[in-house]
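2 protein chains.
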Amino acid sequence: MSTIGFHSHNHDQCIADTLSTADAHCAEEGLQFTPVRRRVLEILLAEHKAMGAYDILPTLADEGLGSQPPVVYRALDFLVKNGLAHRIELLNAYIACAHLGRAHRPAFLICRECKLVAEADAELARGRLGEAAREAGFTIERMVVELEGLCPACAA
Amino acid sequence: MSTIGFHSHNHDQCIADTLSTADAHCAEEGLQFTPVRRRVLEILLAEHKAMGAYDILPTLADEGLGSQPPVVYRALDFLVKNGLAHRIELLNAYIACAHLGRAHRPAFLICRECKLVAEADAELARGRLGEAAREAGFTIERMVVELEGLCPACAA
DNA sequence: AGAGAGTCCGTTATAACATATCAATCCCGG
DNA sequence: CCGGGATTGATATGTTATAACGGACTCTCT
Ligand SMILES: [Zn+2]
Ligand SMILES: [Zn+2]
Ligand SMILES: [Zn+2]
Ligand SMILES: [Zn+2]
Numbered sequence: 057m058s059t060i061g062f063h064s065h066n067h068d069q070c071i072a073d074t075l076s077t078a079d080a081h082c083a084e085e086g087l088q089f090t091p092v093r094r095r096v097l098e099i100l101l102a103e104h105k106a107m108g109a110y111d112i113l114p115t116l117a118d119e120g121l122g123s124q125p126p127v128v129y130r131a132l133d134f135l136v137k138n139g140l141a142h143r144i145e146l147l148n149a150y151i152a153c154a155h156l157g158r159a160h161r162p163a164f165l166i167c168r169e170c171k172l173v174a175e176a177d178a179e180l181a182r183g184r185l186g187e188a189a190r191e192a193g194f195t196i197e198r199m200v201v202e203l204e205g206l207c208p209a210c211a212a
Numbered sequence: 057m058s059t060i061g062f063h064s065h066n067h068d069q070c071i072a073d074t075l076s077t078a079d080a081h082c083a084e085e086g087l088q089f090t091p092v093r094r095r096v097l098e099i100l101l102a103e104h105k106a107m108g109a110y111d112i113l114p115t116l117a118d119e120g121l122g123s124q125p126p127v128v129y130r131a132l133d134f135l136v137k138n139g140l141a142h143r144i145e146l147l148n149a150y151i152a153c154a155h156l157g158r159a160h161r162p163a164f165l166i167c168r169e170c171k172l173v174a175e176a177d178a179e180l181a182r183g184r185l186g187e188a189a190r191e192a193g194f195t196i197e198r199m200v201v202e203l204e205g206l207c208p209a210c211a212a
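Line by line, the protein sequences give chains R and Y.
Residue numbering for the first sequence is 57 to 212, as defined by our numbering.
Residue numbering for the second sequence is 57 to 212, as defined by our numbering.
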């Protein structure tokens with residue numbers, strides 16, 4: 057799994073691909089990909105950066121899609137629950153999933169300088185830590201792995 | 057490194073040891089371990105659970121040690137900066153360090169049922185994930201590893 | 001002693017993030 | 001057409017965190 061986000065790429069294509077994959081996924085699963093939900097995903101997709109709920113809200117409001125916090129939080133809950141977006145705990149913010157369609161346990165690389173967020177694979181972290189948890193009798197239900205630091209561009 | 061928190065242990069001793077280690081550490085480093093700061097650490101030490109700033113505040117207020125949010129946040133910042141406590145991002149809460157004095161990169165096992173938090177070693181997670189970050193050109197400055205699940209007692 | 005710097009603390013106000021609740025609407029199968 | 005489930009609208013509130021300013025104390029240098 058690559059760490060999309062720090063690599064330069066055709067981002068318009070990246071957006072289009074993700075949206076069509078999301079459409080297909082929701083159709084398959086019988087999920088209602090409503091205008092609010094779709095637009096929130098589009099807004100998140102604009103950049104590979106995390107956005108707070110209150111960053112998203114004004115855009116939604118301008119477009120007449122709802123102007124109160126619950127509207128955006130409900131949409132974000134839907135996206136997160138269905139794997140279309142992820143919540144970044146370190147930032148209290150949300151980001152579109154960069155690996156839509158592929159089952160994955162995300163880990164995040166967060167640049168403290170430019171705020172870009174790349175998505176990597178947390179399975180890579182599980183090995184010995186998973187063993188340690190098992191030895192402690194702990195049942196892992198959710199892993200949060202977030203690495204803060206400097207992306208290649210900002211380190212240079 | 058053991059995962060203190062889920063094991064039964066002499067907790068009064070656990071508290072006393074940690075406080076005296078903290079006293080010694082602050083003396084060595086020339087840090088001012090003021091009454092507010094010490095009391096906040098004591099409050100955190102009462103249980104191996106994470107507490108929010110606003111859980112701590114009333115106790116402080118009752119004792120005349122400050123009744124406004126900045127008081128407790130400043131104390132928590134001090135404790136976290138100096139390694140005497142850790143912030144749990146998943147819970148927006150704080151916990152006393154269970155491995156005071158030993159250099160460590162903590163990972164947390166958080167029971168969603170009883171809210172106990174155990175501290176394990178995040179180095180265990182670094183191996184292949186660290187490689188992946190390096191390949192992406194990402195410089196890790198801070199790791200947040202938090203595992204939510206069920207502790208042995210609650211799983212039974 | 002007095003001036004200046006540094007650190008900590010008290011206080012007010014506000015920012016930022018998130019949810020509870022209830023009513024209205026839409027949509028689809030029976 | 002009707003009923004139930006999901007979604008949305010709207011108001012209010014709850015929770016977490018910081019900005020900003022001034023006062024108290026201590027230490028140091030002159
Ligand atoms: Zn892209
Ligand atoms: Zn960067
Ligand atoms: Zn620790
Ligand atoms: Zn438990």
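No residue lacks a Cβ here, since even glycine has one placed at the ideal position from N, Cα and C.
The structure displayed is predicted, hence computed values, not measured ones.
Measuring C-alpha to C-alpha distances from GLY186(Y) to each of THR115(R), ALA178(R) and GLN124(R) identifies ALA178(R) as the nearest. Beta-carbon to beta-carbon, ILE99(Y) and THR77(Y) are separated by about 17 Å, too far to satisfy the 8 Å threshold. Proximity of chain Y to PRO208(R) at the Cβ level (cut-off 9 Å) is accounted for by ALA192, GLY193, PHE194 and THR195, in chain order.
Setting aside the 5 residues that flank it on each side, ALA189(R) is surrounded in the same chain by ILE196, each with a C-beta closer than 6 Å to its C-beta; the list follows chain order.
Per the coordinates, the alpha-carbon of TYR150(Y) lies some 32 Å from the alpha-carbon of LEU97(R). Looking at the backbone, the Cα of LEU121(Y) and that of GLU145(R) are separated by about 31 Å.
Judged by their CB atoms, ILE71(R) and GLU175(R) are not nearer to each other than the 8 Å cut-off. Rounded to whole angstroms, ALA192(R) and PRO208(Y) show a C-alpha spacing of 8 Å. Distances from the CB of ILE151(R) to the heavy atoms of ligand 1 are all 7 Å or more. In this model, HIS160(Y) and GLU119(R) are separated by some 49 Å (Cα to Cα). If you draw a 10 Å sphere on the C-beta of CYS167(Y), you find 16 or more other C-beta atoms in it, and that means buried. When Cβ-Cβ separations below 8 Å define contact, GLY108(Y) makes no contact with chain R. Three or more beta-carbon pairs separated by less than 8 Å link the stretch 105-114 of chain Y to the stretch 127-137 of chain Y, which places the two stretches in contact.
Beta-bridge analysis with DSSP links PHE164(R) to GLU175(R) and GLU202(R).
Within the stretch 118-142 of chain Y, no residue has its Cβ closer than 9 Å to any Cβ of chain R. GLU202(Y) sits buried, since 16 or more C-beta atoms from the chains shown fall within 10 Å of its C-beta. The residues ASN138, in chain order, have a CB closer than 8 Å to that of GLU85(Y) in the same chain once the five nearest residues on each side in sequence are set aside. With a 10 Å radius around the Cβ and a threshold of 16 neighbouring Cβ atoms, CYS170(Y) comes out exposed. Straight across, the Cα-Cα distance linking PHE194(Y) with GLY205(R) is about 7 Å.
The Cβ-Cβ distance between VAL200(R) and LYS105(R) does not fall below 8 Å. In chain R, no part has a C-beta under 8 Å from the C-beta of ALA149(Y); the shortest such distance is about 12 Å.
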